[in-house]
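> Mind having a look at this structure? Questions to follow.
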Amino acid sequence: MRNVTFVIAVTLLKGGVGKTTTSIGLGLSLGREPRVGQVLLVDADPQASATASRVALARRENQLAARRAEAGGRASAEPNRTTFDDVYPFAQCQLAFPADGDLDRGDVFTQLAEITEGRYRPTQADDGGPSRDGQAANSPVVPNVIVIDTSPAYPRILGGVLDFIASQQTALIVVPTTMSDLDIPQARQFPSVLGRSTASGVPYGVLATKVDRRRRTDLERLQALRREHPVFNTVVPYGLPFARGPFDDYARPKSPYGRVYKSVTAEAIEMLVGKWQPAEAAGDELVQATHV
Ligand SMILES: Nc1ncnc2c1ncn2[C@@H]1O[C@H](COP(=O)(O)OP(=O)(O)OP(=O)(O)O)[C@@H](O)[C@H]1O
Ligand SMILES: [Mg+2]
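This is the structure we're talking about:
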């Protein structure tokens, strides 16, 4: 996969459907794939949740290290880790711009193109907030895979992201949605949103998130979605670790959520290379995939 930039945009204009959680899960998981080189996680949301997440992850790691040391009756020997990259260097995830809400469609496109060509210098946002002063901190990155976490509102930013992925040879749109009746209609209409943009024709996959397999309505809605759209065979279950904070568990490859996102990542790669197939027995798959 080297020398080619694959672009995955995680998007739905609806809020709280798991875009950031999915972007981070995909980014970390792709970073562990031997077939994949450098992964760049792009925070294209003025809320800067993905940017904040790397600080949150580092804090969480520090807390766990301190607790382990306390339980062992010794002072913490672990160095204090302050950024996502310190904690998960293997994932090769880097944050690029926390997008500025005032950026226009063309600016977003230009910044993303700079990233692909290795001309973009990521900034270090140590406080986890948006870093807008453009202080160059890291050396340029030439990524093999770019995962773009998008914003729930700001259609101009989304427009720039969609223009950009339409300009790439290898691109995929991941559309997370919960099974809530507030979110499903947005996911169902998403392809017509794409149809109005230059991104029409880019493959996409709907990802069912926060699914409770004990709820009949969740299962029925999922089956209905599968009849209308390409839907990932892997389903992200509703889970307490996420509700407590998305960074508790899923970043670890052997944790239940680490495994779920590993499976989502494997499917995303198949989609990118045009080999993805929907599972035949979708109902059975659902039960297995959600049984974590
Ligand atoms: N599978 C899950 N089960 C339970 N809670 C989840 C799950 N996935 C995400 N969450 C929680 O739902 C909330 C929204 O998730 P997330 O921030 O990933 O969504 P988003 O689509 O990026 O939101 P926004 O539109 O604000 O950017 C977070 O509190 C997150 O911890
Ligand atoms: Mg988000």
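To convert a position in the sequence shown, counted from 1, into this note's numbering, add 367.
We treat Cβ as the ideally placed atom computed from N, Cα and C, and that holds for glycine.
(1) Quick one: what's got a C-beta closer than 8 angstroms to Pro549's C-beta in the same chain, skipping five residues either side?
(2) Locate the beta strand (DSSP E) running through Gly392, then write down its first and last residues.
(3) Judging by CA-CA distance, which residue of Thr389, Ser396 and Val384 is the nearest neighbour of Ala633?
(4) Is the beta carbon of Thr537 less than 8 angstroms from the beta carbon of Ile513?
(5) If the criterion is Cβ atoms closer than 8 angstroms, does the pair Thr389 and Val377 meet it?
(6) Do Leu479 and Phe531 have their beta-carbon atoms positioned less than 8 angstroms apart in this structure?
(7) What's the gap between the Cα of Leu639 and the Cα of Leu539?
(8) Please confirm whether Pro413 and Ser564 have their CB atoms less than 8 angstroms apart.
(9) Pick out whichever of Pro510, Gly473, Gly392 and Val627 has its Cα sitting closest to the Cα of Val406.
(10) Please determine, among Gly641, Val475 and Ser420, the residue with the shortest C-alpha to C-alpha distance to Val569.
(11) Give me every residue whose Cβ sits closer than 5 angstroms to any heavy atom of ligand 2, in chain order.
Taking the coordinates as given:
(1) First, the residue type needs correcting, since residue 549 is Leu and not Pro in the sequence shown. Counting only Cβ-Cβ distances below 8 angstroms, and skipping sequence neighbours, we find Lys381.
(2) Segment Lys386 to Arg399 is the alpha helix (DSSP H) holding Gly392; no beta strand (DSSP E) there.
(3) Ser396
(4) no
(5) yes
(6) yes
(7) 6 angstroms
(8) no
(9) Pro510
(10) Gly641
(11) Lys386, Thr387 and Ser416
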